[in-house]
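These protein sequences, in sequence, are chains A and B.
So for the first sequence, the numbering used here puts the first residue at 46; every next one is plus one.
So for the second sequence, the numbering used here puts the first residue at -16; every next one is plus one.
Ideal Cβ placement from N, Cα and C applies to all residues, glycine included.
Beneath this line is the structure, given in structure tokens, with notes to follow.
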Amino acid sequence: VNAPHPGDLLSALADDALPPGEAAAVRAHVDSCPACTAELGAVAAARRILRALPDVEPPFGFFERLLLRRRWRDGIAAVVSGTAAAAVMVALAIGPPASGSVTPAVSNLLQAHLVSLQSPSPPATVAAPDIRLAPVALADGTYRRVATVQHGSGIRVIYSNGANTLSLFEQPGELDVRHLPRGGEIVRIGSHPGVRYRWNRGELVVWQASKWVYALVAEAPLPEALDIARSVPQGPPPQRSLLDRIRGASIKLLKGF
Amino acid sequence: MATGGVPSWEQVAREHGRFLYTVAYRLTGNHEDAQDLVQEVLLRVRRGLATYRPGSLHGWLSRITTNAFLDDARRRTRRPVVPLGDDPDRVTPPAPEPEHVLDMERLPDDVQAALSQLSEDFRAAVVLCDVVGLSYEEIAAALDIPVGTVRSRIHRGRAQLREALVDR
């Protein structure tokens, strides 16, 4: 028992990860040393408990969403370039407003984003236990959520990748594009249409997904801003495509000339 | 990149997603960080950042996952984890009869909470050993540390985990 305690080798003994000679020596020591017997029993118990841990189920649809997002991205270039060629002005008359219709005040959103960039401390984070927005990961690096704040009837989530900051505004309702400012360009966000504006440091994209209206203020070029927008969880496509309605209206407008 | 047996990130997501998620969750201890970590791993797979050696796919994936986790842990300014550290005296358990502990059924959440209390380095070694099932040599290669250090981290990690569970 005067031999030094084997210490770290006890776990290796439990794992059968010692050469035969060394294992025999450690085993002989343990047999004659109550302290090491207890220690071996403890680590063996921990080992057993850890190995009995079950697999962990990812959140529903997590991988499916990642894969779907990829498929959209692959097929999206053609869609986006097609609509970009037809770059229509928004503020078109496309029927009566839906109940709960929402028109984000684009300039206010931009203002809110810029103010928070200038303020020395980040805005106070509100508790948002039912928050649906996941962190977004892009080819150029991951944006982490740094704050969640109340904004009007919705929330605003601020992301940062260390260099750039994004503001993602989310509110319930149906996007009413008629009162959006002119000069936007129609883009596709997943299976949903959106309107894109350029500002001096990046892009501002407004779109509808499921029963939510989103606006993203991104200090990033268009492809990246669109990737970010598309990484927001998507609901099913709208029953009647808003994009089709906008297209239909723009065709009518063109015919009218 | 999809040649020579290197799996695409889509394949990894489709066929090994559950394994990948389990390792990520055991390392990070919560779903939000686990999702971040999984996305980072898929990104590394997609960019071909991690050299693929034909062999155990799970070994390869868990190496990428653990390294991404440790990279992030080093980069972030974290809440300091109570450093139970390198003092060998801490390792010897306080000795309530081991049988008592052995027989107690442990809820996975309790075990995860105890696991999350370990320092990142200890946790990585323990997860690679007891969750993934890698050999000491494979862990040494994955973490780029000597086998002696692997032994030490696994042993101390398990001892601390057991202590934390006894205290609960």
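For S118/B, at least one C-beta of chain A is nearer than 8 Å to its own C-beta. Excluding residues up to 5 positions away in sequence, A108, L111, C112 and V133 lie with their Cβ nearer than 7 Å to the Cβ of I122/B in the same chain. In its chain, beyond the 5 residues on either side, L63 have a beta carbon closer than 7 Å to the beta carbon of A57/A. Against chain A, the CB of S39/B has no partner CB under 8 Å away; the residue lies outside that interface. If you check the CB distance, V147/A and V258/A come in under 8 Å. Listed along chain A, the residues sitting closer than 7 Å to G0/B by beta-carbon distance are P103 and F108. Close to D113/B, with beta-carbon spacing below 7 Å, are these residues of chain A in chain order: R92, L95 and R96. Here P217/A carries a strand assignment [DSSP, helix/strand/coil]. Residue pairing of T210/A in beta bridges, as defined by DSSP: S205/A. Here L53/B has E103 and A107 as same chain residues with Cβ atoms under 7 Å from its own Cβ, once five neighbours each way along the sequence are excluded. The criterion of a C-beta distance shorter than 8 Å is satisfied by E(-7)/B and L112/A. For the region 50 to 64 of chain A, the residues whose beta carbon sits under 8 Å from a beta carbon of chain B are, in order, G52, D53, L54, L55, S56, A57, D60 and A62.
Counting along the chain, H74/A sits inside the alpha helix (DSSP H) bounded by residues P65 to D76.
Minimum Cα-Cα distance from L3/B among the listed residues H41/B, H14/B and V(-11)/B corresponds to H41/B. Closest in C-alpha terms to F108/A, from the list R59/B, V21/B and S45/B, comes V21/B.
For P238/A, the three-state secondary structure derived from DSSP is strand. Bounds of any alpha helix (DSSP H) do not take in V250/A; it lies within the beta strand (DSSP E) bounded by G247 to A254. Following the DSSP letters along the chain, one finds A62/A in no alpha helix (DSSP H), marked with neither H nor E. For a cut-off of 8 Å, the C-beta gap from V250/A to G239/A is around 5 Å, short enough to register as a contact. Taking the Cα of L101/B as reference, the smallest distance to any Cα among G0/B, L26/B, A(-4)/B and L148/B is reached at L148/B. Per DSSP, reduced to three states, the secondary structure at A48/A is coil, with no helix or strand assignment. Per DSSP, A260/A is one residue of the beta strand (DSSP E) stretching across W257 to A263.
Neighbours of P99/A across chain B, judged by C-beta separation under 9 Å: T5 and P91. By the criterion of a C-beta distance shorter than 6 Å, Y204/A is surrounded in its chain by Y188, R190 and L211, once the five residues flanking it on both sides are discounted. When DSSP states are grouped into helix, strand and coil, T34/B belongs to the coil group.
Interface annotation, S102/B: not in contact with chain A, CB-CB separation never under 8 Å. In the three-state reduction of the DSSP assignment, R59/B falls in the coil class. Here E120/B carries a helix assignment [DSSP, helix/strand/coil]. With contacts defined as CB atoms closer than 8 Å, P99/A and R1/B fail to qualify as a contacting pair.
When DSSP states are grouped into helix, strand and coil, V149/B belongs to the helix group. Within chain A, no C-beta atom comes nearer than 8 Å to that of S99/B; the closest sits roughly 13 Å away. Residue contact check for Q22/B against chain A: a CB pair falls below 8 Å. Of the other Cβ atoms in all chains shown, fewer than 16 fall within 10 Å of the Cβ of L90/B; this residue is therefore exposed. If you compare the alpha carbons of V88/A, V194/A and R246/A with that of A208/A, the shortest gap goes to R246/A. Nearest CB-CB separation between S135/B and chain A: below the 8 Å threshold.
In chain order, Y4, A7, Y8 and T11 place their CB closer than 7 Å to the CB of A17/B, counting only its own chain and leaving out the 5 sequence neighbours on each side.
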